[in-house]
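Using the working numbering, the first residue of the sequence shown is number 1, and each one after it goes up by one.
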Amino acid sequence: MNLGREVHHNPAPSGSFERSAKNITIDGNGVLHAELEGAYNEYHKASIDLNYYLGNDDGEFQWGGTDFIKTATDLAIVHDKEGVIVLRAELCVPPADLCGDGGYATNQVRLGEHIGNNNGQFEFHK
1 MNLGREVHHN
11 PAPSGSFERS
21 AKNITIDGNG
31 VLHAELEGAY
41 NEYHKASIDL
51 NYYLGNDDGE
61 FQWGGTDFIK
71 TATDLAIVHD
81 KEGVIVLRAE
91 LCVPPADLCG
101 DGGYATNQVR
111 LGEHIGNNNG
121 QFEFHK
């Protein structure tokens, strides 16, 4: 079952990493990787484990949750229709026993809402 839900959020804040990042990827463990611009226009390899900050609440990403990767598949970094970088994934929709039989919903979250660049390193903002 694919419910195709999309969560709409506010535009990325001015401290967002998006404006100073290149080669943005996510691995199969939910770790975000990029090259982030530092104070002197040099780029640094950086990573942040999103499992410390993102959870799954009934098939939707939840900031302040944890361990989203335990119930997620098909992770991808894409641009939404407004050109903002988002994490898109298939998230399990409870009951959890349905996940093996297609109980997933497509969802996405704007990473720049809470992830910033602090002198070439990722930083979480509440």
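Even glycine gets a Cβ: it sits at the ideal position worked out from N, Cα and C.
| field | Pick from Leu50, Lys22, Arg19 and Ile115 that is closest to leucine 75, judged by C-alpha positions | value | Leu50 is the residue among Leu50, Lys22, Arg19 and Ile115 whose C-alpha sits nearest the C-alpha of leucine 75.
| said: Looking at chain B, is there any beta carbon in it that lies within less than 8 Å of the beta carbon of asparagine 51? | reply: Looking at the structure shown, chain B is missing, and only one protein chain is on hand.
| message | Going by the DSSP bridge assignment, what does tyrosine 179 pair with across the sheet? | response | No answer is possible for residue 179: the residues shown for the chain start at 1 and end at 126.
| task | Count the other CB atoms, across all protein chains shown, that sit within 10 Å of the CB of phenylalanine 61; report buried if there are 16 or more and exposed otherwise. | result | buried
| query | When the distance is taken between beta carbons, is glutamate 18 closer than 8 Å to isoleucine 85? | reply | yes
| message | Between Glu82, Leu36, Asn119 and Cys99, which has its C-alpha nearest valine 109's C-alpha? | response | Closest option to valine 109, Cα to Cα, is Glu82.
| query | By Cβ distance, which residues of its chain are closer than 6 Å to asparagine 56, with the 5 residues on each side in sequence left out? | reply | Phe68, Thr71 and Leu91
| Assigned exposure category for phenylalanine 124 - 16 Cβ within 10 Å defines buried | The residue in question, phenylalanine 124, is exposed, as its Cβ has fewer than 16 Cβ neighbours within 10 Å.
| query | What's the gap between the Cα of glycine 112 and the Cα of alanine 39? | reply | 19 Å
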